[in-house]
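K.L.:
Quick one: the structure is below, questions incoming.
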Amino acid sequence: MTAWIYSRVSTQRQVPGLSLDAQEERARARAAADGHQDAQVVRDAGVSGRSMDRPGISHLLDQIRPGDTLYVWSISRLGRNVREVLRVVEDLIIPQQIILVSVTEPIDTSNPVGRCMLSILASLAQLEREQISGDMRRGMEERVARGLHWSTPPYGYRCEDKRLVPDPQFTAVVRELYVRAANGATRRELARWLNDQGVPTRSGRPWHYASVARILSNPAYMGRIPFRGDVLPGTHEPLVPDDLWDQVQRIVAVRSRIPPPARVSSWASLYRCGVCGSSVCISSAGAHPRRTYQCVARLHVVAARRHESIGTPAAKADHWLWESFCRTIAGESLREWERLTGEDGRDAARDAERHELAAERDKLLLSLDRNHRGWVSGLVPEGLYAQVNRELMEALGAAERRLGELATLDDAMSISQTLTGGREMLELLDSRQRRDVLLRLVDHVGLRHNDLTVHWALPTLPRMRIELPRYWSPARNYGTARITYLPATLRD
Numbered sequence: 035m036t037a038w039i040y041s042r043v044s045t046q047r048q049v050p051g052l053s054l055d056a057q058e059e060r061a062r063a064r065a066a067a068d069g070h071q072d073a074q075v076v077r078d079a080g081v082s083g084r085s086m087d088r089p090g091i092s093h094l095l096d097q098i099r100p101g102d103t104l105y106v107w108s109i110s111r112l113g114r115n116v117r118e119v120l121r122v123v124e125d126l127i128i129p130q131q132i133i134l135v136s137v138t139e140p141i142d143t144s145n146p147v148g149r150c151m152l153s154i155l156a157s158l159a160q161l162e163r164e165q166i167s168g169d170m171r172r173g174m175e176e177r178v179a180r181g182l183h184w185s186t187p188p189y190g191y192r193c194e195d196k197r198l199v200p201d202p203q204f205t206a207v208v209r210e211l212y213v214r215a216a217n218g219a220t221r222r223e224l225a226r227w228l229n230d231q232g233v234p235t236r237s238g239r240p241w242h243y244a245s246v247a248r249i250l251s252n253p254a255y256m257g258r259i260p261f262r263g264d265v266l267p268g269t270h271e272p273l274v275p276d277d278l279w280d281q282v283q284r285i286v287a288v289r290s291r292i293p294p295p296a297r298v299s300s301w302a303s304l305y306r307c308g309v310c311g312s313s314v315c316i317s318s319a320g321a322h323p324r325r326t327y328q329c330v331a332r333l334h335v336v337a338a339r340r341h342e343s344i345g346t347p348a349a350k351a352d353h354w355l356w357e358s359f360c361r362t363i364a365g366e367s368l369r370e371w372e373r374l375t376g377e378d379g380r381d382a383a384r385d386a387e388r389h390e391l392a393a394e395r396d397k398l399l400l401s402l403d404r405n406h407r408g409w410v411s412g413l414v415p416e417g418l419y420a421q422v423n424r425e426l427m428e429a430l431g432a433a434e435r436r437l438g439e440l441a442t443l444d445d446a447m448s449i450s451q452t453l454t455g456g457r458e459m460l461e462l463l464d465s466r467q468r469r470d471v472l473l474r475l476v477d478h479v480g481l482r483h484n485d486l487t488v489h490w491a492l493p494t495l496p497r498m499r500i501e502l503p504r505y506w507s508p509a510r511n512y513g514t515a516r517i518t519y520l521p522a523t524l525r526d
């Protein structure tokens, strides 16, 4: 193990008794008493201890190894800045188990008293970190309450006087990304387009699809502030309108449910356990293994606590789910059900609801802005401001969720209208394409043993029960399912 001596003075004019030679002489004597005759000396002459950017200390931190001993005249020689000294203790002394010895202070980490002192220093470091973290948290909360962005400016913005302002060099790029995404471009396609166009990133590296994904999912681009899972009103200028941002989010949400082709192995994500509502997975265990849908939760509990098995052959469930879908989309039963229940007249009602919700959302945003301005000007007490702000945000969230639901229904219904009557076209789709269609139209399928209940995302489709045949073979063409449409009064 190597012994090191570190000495430092702040000025070239050295104080008697605290010169580099005096520090090193005292440290050598202590090292010799501990059995270290050839201690390595590192010094910083005329360098302030307020910064860790010192040639000597940098060399020492590079060369010292675990188990070495470091002698200093005083802890203050490591630095005058408490934060920097504590950083050395936490990042170097403690994790690498380096023995730290102060010649003039009761610090020697080779004995219990010294280790106690080191623990005190580590506690001080933790206390300072928590204080800094608390100050930063309060600062962020204050900025968010004032409608200001609290972190690094998003791509397309820059910071002026602690406020977000559009960066003219990149605003057009951001808007074009959203327009292309709304027209169906994927994140990888957008990244390739940016690289082909020579659009620079902040880091200078090529564009990656993950960077594009962050831009397309950041509410800051519609004038909001994302903070701790919430989306709050902001005071900066939006780069994209709300309707365009919402449209892109709907497309991203649909695609997120569809795994890459290489990972498509089953339709399990369509199903939920009809007993407990848990996810469904593929299982192929047993004496005669075959791909069977099973409840994930049931597989992870002891036998005595398991509910009834929902085990159903995956091929049989998938076949009859698709067959029932085709019959529903292409058959007269759907149109008859619509005529009897009046579902075919609900388009106008949804349009009216959409306009009402949009108007309500605009009013809530204005109320949030007035409440914020009143608090900033001192007219609204902080307690009342927080209560009103919370109520308005809850109402705004409910309105935006419902608008999103209506938009999702519109998208799904347009797909349904395109497919209606196209049984021949549906039969040409492969397994992955069929799954992708169902992921857009099906909310979920409740699965029990040989029994499916289909919950569609479309309000024009009745909930459907499919009783699977006990014996079924697609190769031999025997076995058929019983399909029933549940009454409207029983719909979720």
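The sequence shown begins at 35 in my numbering and counts up one residue at a time. Every residue gets a Cβ at the ideal spot worked out from N, C-alpha and C, and that includes glycine.
Okay, do the region 302-310 and the region 279-289 touch, 3+ Cβ pairs below 8 Å being the bar?
P.N.:
no
K.L.:
Buried or exposed: I91, going by 16 or more other Cβ atoms within 10 Å of its Cβ?
P.N.:
buried
K.L.:
Inspect the CB distances between the region 350-363 and the region 330-341 and report whether three or more fall short of 8 Å.
P.N.:
no
K.L.:
What residues are listed by DSSP as bridge partners for W541?
P.N.:
Not covered by the structure: residue 541. The range shown for the chain is 35 to 526.
K.L.:
Which residue from P146, M151, G431, T205 puts its Cα closest to that of A392?
P.N.:
G431
K.L.:
Inspect the beta-carbon positions of R222 and Y243 and report whether they are closer than 8 Å.
P.N.:
yes
K.L.:
Leaving out the 5 sequence neighbours to the left and right, which residues in its chain are closer than 7 Å to C310 when beta-carbon positions are compared?
P.N.:
C329, A331, H341.
K.L.:
Taking 8 Å as the cut-off, does the region 415-425 touch the region 232-252 (at least 3 CB pairs, one atom from each stretch)?
P.N.:
Touching, no, given that fewer than three Cβ pairs across the two stretches are closer than 8 Å.
K.L.:
At 3 residues or longer, and completely inside the region 192-257: list those beta strand (DSSP E) runs for me, N to C.
P.N.:
With a minimum length of 3 residues, the continuous beta strand (DSSP E) runs that stay inside the region 192-257 are 197-200.
K.L.:
Is the Cβ-Cβ distance between D78 and R42 less than 8 Å?
P.N.:
yes
K.L.:
Compare the beta carbon distance of L472 and N484 with 8 Å and say whether it is the shorter of the two.
P.N.:
no
K.L.:
I need the straight-line Cα distance from N423 to V488, nearest angstrom please.
P.N.:
40 Å
K.L.:
Name the two residues that bound the continuous alpha helix (DSSP H) containing L333.
P.N.:
330-333
K.L.:
Can the beta-carbon of P267 be found closer than 8 Å to that of D396?
P.N.:
no
K.L.:
Does Y419 come out as helix, strand or coil in the three-state DSSP assignment?
P.N.:
helix
K.L.:
State yes or no: is the C-beta of R528 within less than 8 Å of the C-beta of L437?
P.N.:
With the chain covering only 35 through 526, there is no way to say anything about residue 528.
K.L.:
DSSP puts D264 in a beta bridge; with which residues?
P.N.:
Looking at the DSSP assignment, D264 forms a beta bridge with F261.
K.L.:
Over what stretch of residues does the alpha helix (DSSP H) that includes I316 continue unbroken?
P.N.:
That residue, I316, is in no alpha helix (DSSP H); its beta strand (DSSP E) goes 314-317.
K.L.:
Nearest-angstrom Cα distance between R101 and L126?
P.N.:
Just to set this straight, residue 101 is Gly in the shown sequence, not Arg. The alpha-carbon atoms of G101 and L126 are separated by roughly 11 Å.
K.L.:
Tell me the DSSP secondary structure of E370 in three-state form.
P.N.:
Caution is warranted here: a pLDDT of 46 is assigned to E370, below 50, making its placement in the model unreliable, and the coordinate value is therefore given only provisionally. E370 falls in the helix class under three-state DSSP.
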